[in-house]
Amino acid sequence: MEYAAVQVNGKSLEVPVGSLLSGILPRGSAETPCGGHGSCGKCRVTAHGMLSGPSPEELVHLTPRELAAGVRLACCTRIKGACTVTVGNAGQSNIQMDEDMPGFEMNPDFTRYGAAVDVGTTTLAACLYRADGLRVAQAGGPNPQQKWGADVISRVGSALKGEGRALALSVREGIGELLHRMAYEAEIEPGWIDRVVITGNTAMLYLLTETDPECLAHAPFTAERLFGEELSAAILGLPCATVYLSRCVSAFVGGDMTTALLYSGMCNGTGTRMLADIGTNGETALWHGGRLLCCSTAAGPAFEGAGLSMGMSGKTGAVDHVHLKDDSIFFHVLGDGAPIGICGSGVVDALACLLKLDKLDESGFLENDPAMIAPPVSLTQKDIRMVQLAKSAVSAGIRTLMHREGIICREVEELAVAGGFGSYLNVQNAGRIGLLPMELIPKVRVLGNAALGGASMILLNRDMRVRSESLAAQAETVDLSVDDHFMEAYTEGMLF
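Per this note's numbering, residue 250 is the first one in the sequence shown, and the count goes up by one each step.
Laid out in structure tokens, this is it:
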């Protein structure tokens with residue numbers, strides 16, 4: 250095999266000739282929400298030397314000036330010989346962690362140190378605890394499986410094509426990296442971590458454990474494995490003793506919803522409460538009359554920052570908030586530097602501002618395409634359509650569960666909003682664009698990463714595991730694909 254000398258950000262490598270640039274870049278340095286198919290145009294790097302010529306995809310996404318300056322798409326460019334590659338810092342993920350846990354008795358399920366991990370479709374988040382319940386470290390970062398695509402469907406498809414082992418190893422390595430980082434921060438050995446509780450949606454747990462996801466890829470979408478299991482950490486290649494995988498509800502209502510429900514406390518006692526975890530899957534739950542209904546909507550990755558022309562996750566350089574002052578747009582950038590993209594919370598704010606300025610009408614038509622938000626960051630007409638699909642799916646899911654139980658918004662006592670995106674969300678703007686029913690906005694309680702919080706509760710109190718598994722067993726999944734009201738609400742929800 251012939252090898253070539255390559256320099257990546259000044260680091261010298263020897264790589265096989267014919268390798269794609271995307272295969273040699275540091276993890277997280279270039280986003281590939283399209284799964285490396287060249288359709289999103291986001292994995293831009295600067296490269297010079299012996300490289301393949303511009304692909305058809307690059308000719309679509311890159312201007313002649315950019316190509317002349319050496320800008321290339323990492324997923325489309327192959328190494329032919331000696332070359333240099335420069336890739337910008339993708340920034341550190343900003344993951345919101347709640348400081349306070351709901352009140353409960355400490356009865357930890359570990360001896361020295363324990364960790365809770367949330368395996369999200371877009372991000373990984375983790376906390377490390379001492380046996381007395383003190384949180385001593387936390388860490389977060391991108392889910393390395395993003396190189397196979399921003400959404401669950403892309404990754405399941407890759408697993409079915411024989412890449413399941415690679416997908417499993419990548420996320421295991423990502424989790425192991427977080428555990429090592431937290432151990433370093435806490436000044437302990439990684440081996441001192443006795444136990445890890447891992448939560449995530451059903452597909453993420455399938456891919457983590459290298460379980461065949463065939464049942465998740467076609468109707469009737471019946472999960473053959475719902476977890477709620479103990480594993481030796483060695484099976485997952487993790488530097489700890491034992492692992493518990495949270496119990497899932499169904500194929501598309503995962504263990505992350507189970508632990509979020511536990512954390513929210515919404516099923517404690519009587520009353521009518523709702524929970525919405527707004528992410529790629531858009532999971533929603535309703536507690537009413539002692540009955541627990543759940544559903545999952547295919548919202549897509551728009552609110553996770555993926556799929557949009559200048560979308561990105563909540564990292565340094567992302568526009569996370571936008572507001573109006575005297576009919577002028579003002580914005581905030583994570584890290585307080587120059588804007589390089591826009592994350593989900595910024596998109597919601599930007600659309601609310603464009604609506605107020607009459608630059609966007611209720612049908613989603615953009616007066617000027619693209620609309621400049623924070624130069625050079627803009628939103629295109631195609632971006633608007635993607636957000637319309639996402640927000641209508643979430644809103645329709647909420648309304649469908651209420652319709653199933655024959656209740657209206659004024660009967661709902663609380664709408665808990667969970668997830669990293671929800672942590673930064675301006676709920677008033679979410680109501681203005683129709684992401685959340687406006688009638689429920691005064692009743693919103695933002696939880697932060699509730700899935701991780703619930704996993705922490707299971708770690709810190711043995712009885713919480715039983716409680717979480719009971720919630721999962723009690724929950725009824727509503728199949729929205731055959732629900733006429735959902736389709737009606739979805740269509741209405743397309744309007745701003």
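Built from N, CA and C at the ideal position, the CB exists for glycine as well.
Values in this document were obtained by computation on a predicted structure and should not be read as measured data.
Ala490 sits close to Arg444, with the two beta carbons spaced by under 8 Å.
Nearest to Val568 by C-alpha distance, out of Lys574, Gly554 and Ala323, is Gly554.
Membership of Ile402 in any beta strand (DSSP E) is not indicated; the residue belongs instead to the alpha helix (DSSP H) covering Val401 to Ser407. Contact check for Ala364 against Ala375 passes: the beta carbons are separated by less than 8 Å. DSSP places His572 in no alpha helix (DSSP H) but in the uninterrupted beta strand (DSSP E) bounded by Ala567 to Lys574. With respect to the C-alpha of Leu674, the residue from Ala623, Ala599, Gly702 and Ser627 having the closest C-alpha is Ala599. A distance below 8 Å between beta-carbons, with the five flanking residues on each side excluded, links Leu685 to the following residues of its chain, in chain order: Ala525, Val643, Ser644, Ile647, Leu664, Val666, Val676, Ala679 and Val693. Around the CB of Lys574, fewer than 16 other CB atoms lie within 10 Å, so the residue is classed as exposed. According to the DSSP assignment, Arg314 belongs to the alpha helix (DSSP H) that extends over Pro313 to Ala317. In the same chain as Ser641, and ignoring 5 residues on each side of it, the C-beta atoms closer than 6 Å to its own belong to Tyr739, Gly742 and Met743, in chain order. In the displayed model, Asp712 falls within a helix according to three-state DSSP. By alpha-carbon distance to Glu473, the top candidate from Thr372, Leu701 and Val498 is Val498.
Taking a C-beta distance under 8 Å as the contact criterion, Gly531 and Thr507 do not qualify as a contact pair.
Excluding five sequence positions before and after Ile589, the CB atoms of its chain that fall closer than 6 Å to its own CB belong to Gly566, given in chain order. About 25 Å separates the CB atoms of Ala482 and Val405; that is not less than 8 Å, and the two are not in contact. Membership of Ile447 in the beta strand (DSSP E) is indicated by the continuous run Ile442 to Gly449. Leaving aside the five residues that flank Glu263 on each side, the residues in its chain whose CB is nearer than 6 Å to its CB run, in chain order, Tyr252. The beta carbon of Val597 lies closer than 7 Å to those of Leu674, Asn675, Asn678, Ala679, Ile682 and Leu684 in the same chain, with the five residues before and after it left out. The DSSP-derived three-state label of Ile589 is coil. Under a 10 Å Cβ-count criterion, Ile527 is classified as buried, with 16 or more other Cβ atoms of the shown protein chains found around its own Cβ.
Ala500 is positioned such that its CB atom lies closer than 8 Å to that of Leu465.
Leu557 and Lys291 have their C-alpha atoms some 10 Å from each other. For the pair Gly369 and Gly449, the CB atoms are nearer than the 8 Å cut-off.
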